[in-house]
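As structure tokens, the structure follows; a few thoughts come after it.
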Amino acid sequence: MHPFIAALLLTLTIPGLSHALDPASDIATQVPKAAATLTAFHGPLPGDLERKLHIIYWTPSDREPQPQWRERLSRVLETTADFYDKELRRQGFPVRRLPLDHQPDGLLSIHLVKGTHPYAHYSGESGNEIRKECLPVLRQAGIIKSLDGRDETLVIFCNMSVWDPVKRTMRQNSPYYAGGNAKGGTAWQVDSALLDPDLLADKANHLQDGQYGRISLGKYNSIFVGGVVHEIGHALGLPHNRERSDEAAAFGTALMGSGNRTFGEEKRDESKGSFLTLAHGMRLASHPFFTGSNKALTDPIVANLSVTQISINGKIITVSGQITSAIPTYAIVGYTDPKGGGDYDATTQTTIPNADGSFEITFTDPPIAKPGVINLVACHVNGMTTSLRGLGYQPTPDGQIDVSNAQIQLHLESLAARFAVAGGVNPLDSISNSNDPILVKTHAIAQRIWSSSPPPETTPANIPEDIRTLSLCDTKPEKMEVGYGKPSTDKLPSPQPWLSSSGQIFERGYYAHAPARHQFQLGKAWKQLLITPGVATGQYGKVIFLIKGDGRELFKSKLTSADSPLQSIKVDLTNIDTLELMVEDGGDGKNGDWGLWLDPKLSR
């Protein structure tokens, strides 16, 4: 066997072997090692860094703050700090409590900001506008030094709820989202007269909420106090995730999944309540808020996270890889994320890299009812991360897992690296004679990408009639226009040029960054087009795909993103002379709008 093939051959192990699920064992074996790496870098933990979470109460110009706003929100934030402290200590991390800014009266320092406009001016989309209105007050108070305040973590409570105490109805029209990392972030929340963790146990009194219907006062606070805890997690750098089955049995519902709605339910004997997964405990363990250290926080991360092997054992996926970084890595967090539903249903696993940076992470409970992707995150001791996204897997008809697309991707990544330094040697020669199905498909895709061949010279209208089916990519287009870079067929204008979408890799297709138009002359000679529209893996834009025949709309997609499931479509081309494949911006700007027309086939 050629040494290149031997180095890349990915093992497929015998199915049926068991693998125990034990979250307590993961905590016991992994946390001490992670903590040791953090302590070796920062010194004794926690440190005494003077950095705090800053709280703002923003209200429109025609509204006064809700009753008892400072007292209630102090309780909300103390409850938030208690939750993270309890969970991180349960996992065994040597961290400090979320640092809040207390005043001599024991309540929190909350900065009051009056909005520029009345209530009717603002909506749930007004987050950035509201944040900008808060910055001058924070700058005057000495809280922020930079123009944009991105080096601090802010929580903005928006006075944008409407409570009718007679009808007992509640509605809100507030920004309610967050984002950030170890350097800084922002969480937007909604305040109301009923927001109070002291009411979490109340299941006797009810209200009619505009979004959640008739719920108890305790449930209202599970949702909205839990929402504060959840959104602050985003501001600290956490994505969504879902609890595994073993975690659910032991601890309840993951905070960063649906745990914002189950928070405090144990007080009403309704569930186990919410918990922090080990994956997200690992990620928070290096945040300066919890280490009390900002050592190397602003140093650039020069790191390489790579995967060398993927193997399956029944319904268990094991990924082996390597992390190299100047700033030490103390943990690897992995997400198995099925298509659809955003990342709310992504389950997690963790592992500790070896001293040489090698690691192996085993996904014991991946959600396999739908195709999905594996995403890896390397956690660095300074609080920052390095990510590798988009290793695809698919369920098989017999209920097992197919990781062939991920295996092909690894081969292509290795080939790309070899082409970059190949000189006069053709890396494709090393796999050209293989009978391994994975390498055969890899070779076919790689030839499309890296082998030089002239563009097609025959339009679909002039294809000989005895050819009944062919790839549209083998015909000459009349027009090709894309919104970024140059048009390309069977590859992307990218260092990773293979056509990848929704965890699948394709041999044939068109790069079609919005706004894009691919036009073909059919000469009324074809009956059907079979094609799969998708957005390139790792891109964040939203697009709409449109197919026209002689100016008439034949197909229009819903708003499509990289998270949308792939679906092949059949388009009737009877008596169509001119075919147009178009990609339009989905309304969020054209950045990241890497549309793809995948595996297009004509038939007659």
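Heads up, the sequence shown is in the working numbering, so the first residue is 1 and it goes up one at a time.
A virtual CB, placed ideally from N, CA and C, is assigned to each residue, including glycine.
- Residue pairing by DSSP puts residue 338 in a beta bridge opposite 372.
- Annotation: the continuous beta strand (DSSP E) that includes residue 556 extends over 552–556.
- Straight through space, the alpha carbons of residue 161 and residue 168 are spaced by roughly 13 Å.
- Pairing residue 575 with residue 504 gives a Cβ-Cβ distance that is not under 7 Å.
- Here residue 288 really is in contact with residue 182; their C-beta atoms are around 6 Å apart, less than 8 Å.
- Residue environment analysis places residue 581 among the buried positions, since at least 16 neighbouring C-beta atoms fall within 10 angstroms of its C-beta.
- The beta carbons of residue 594 and residue 536 sit about 4 Å from each other, so the pair counts as a contact at 8 Å.
- Around the beta carbon of residue 145, fewer than 16 other beta carbons lie within 10 angstroms, which makes this residue exposed.
- Just measuring C-alpha positions, the residue of 573, 548, 396, 331 sitting nearest residue 26 is 331.
- Fewer than three beta-carbon pairs drawn from the region 469–486 and the region 390–405 are found closer than 8 Å, and the two stretches are therefore not classed as touching.
- With respect to the C-alpha of residue 47, the residue from 291, 418, 242 having the closest C-alpha is 291.
- Boundaries for residue 459: no beta strand (DSSP E) harbours it, and the DSSP string shows neither H nor E there.
- Judged by DSSP secondary structure, residue 303 falls within the beta strand (DSSP E) whose first and last residues are 303–313.
- In the displayed model, residue 508 falls within coil according to three-state DSSP, outside both helix and strand.
- Selection 523, 149, 426, 105 evaluated against residue 449 yields 426 as nearest (Cα-Cα).
- Rounded to whole angstroms, the Cβ separation of residue 317 and residue 403 is 7 Å, and the two are in contact under 8 Å.
- Non-local C-beta neighbours of residue 245 in its own chain, meaning closer than 6 Å and more than five positions away in sequence, comprise 365, ordered along the chain.
- With contact defined as three or more Cβ pairs closer than 8 Å, the region 324–340 and the region 351–371 are in contact.
- Under the DSSP assignment, residue 42 falls in the alpha helix (DSSP H) whose first and last residues are 23–42.
- Less than 7 Å divides the Cβ of residue 379 from the Cβ of residue 283.
- DSSP lists 319 as the beta-bridge partner residues of residue 361.
- Judged by DSSP secondary structure, residue 570 falls within the beta strand (DSSP E) whose first and last residues are 569–572.
- Residue 349 and residue 538 have their C-alpha atoms spaced approximately 21 Å apart.
- Around the beta carbon of residue 540, fewer than 16 other beta carbons lie within 10 angstroms, which makes this residue exposed.
- Under DSSP, residue 351 shares a beta bridge with 332.
- Annotation for residue 146: no alpha helix (DSSP H) segment contains it, and DSSP assigns it neither H nor E.
- For the 7 Å CB-CB criterion, residue 386 and residue 303 form a contact.
- Counting every other CB atom within 10 Å of its CB across the protein chains shown gives residue 467 a total below 16, marking it as exposed.
- A contact is defined here as three or more CB-CB pairs under 8 Å, and the region 459–466 fails this definition with respect to the region 583–593.
- Straight-line spacing of the CA atoms in residue 529 and residue 124 works out to 42 Å.
- Here the alpha carbon of residue 44 sits roughly 42 Å from the alpha carbon of residue 59.
- If you draw a 10 Å sphere on the C-beta of residue 482, you find 16 or more other C-beta atoms in it, and that means buried.
- Residue 527 sits in coil when the DSSP states are folded into three classes, being neither helix nor strand.
- Boundaries of the beta strand (DSSP E) around residue 479: 479–481.
- Under the three-state reduction of DSSP output, residue 160 falls in the coil class, being neither helix nor strand.
- Contact holds between the region 55–73 and the region 102–115, because three or more Cβ pairs, one in each stretch, are under 8 Å apart.
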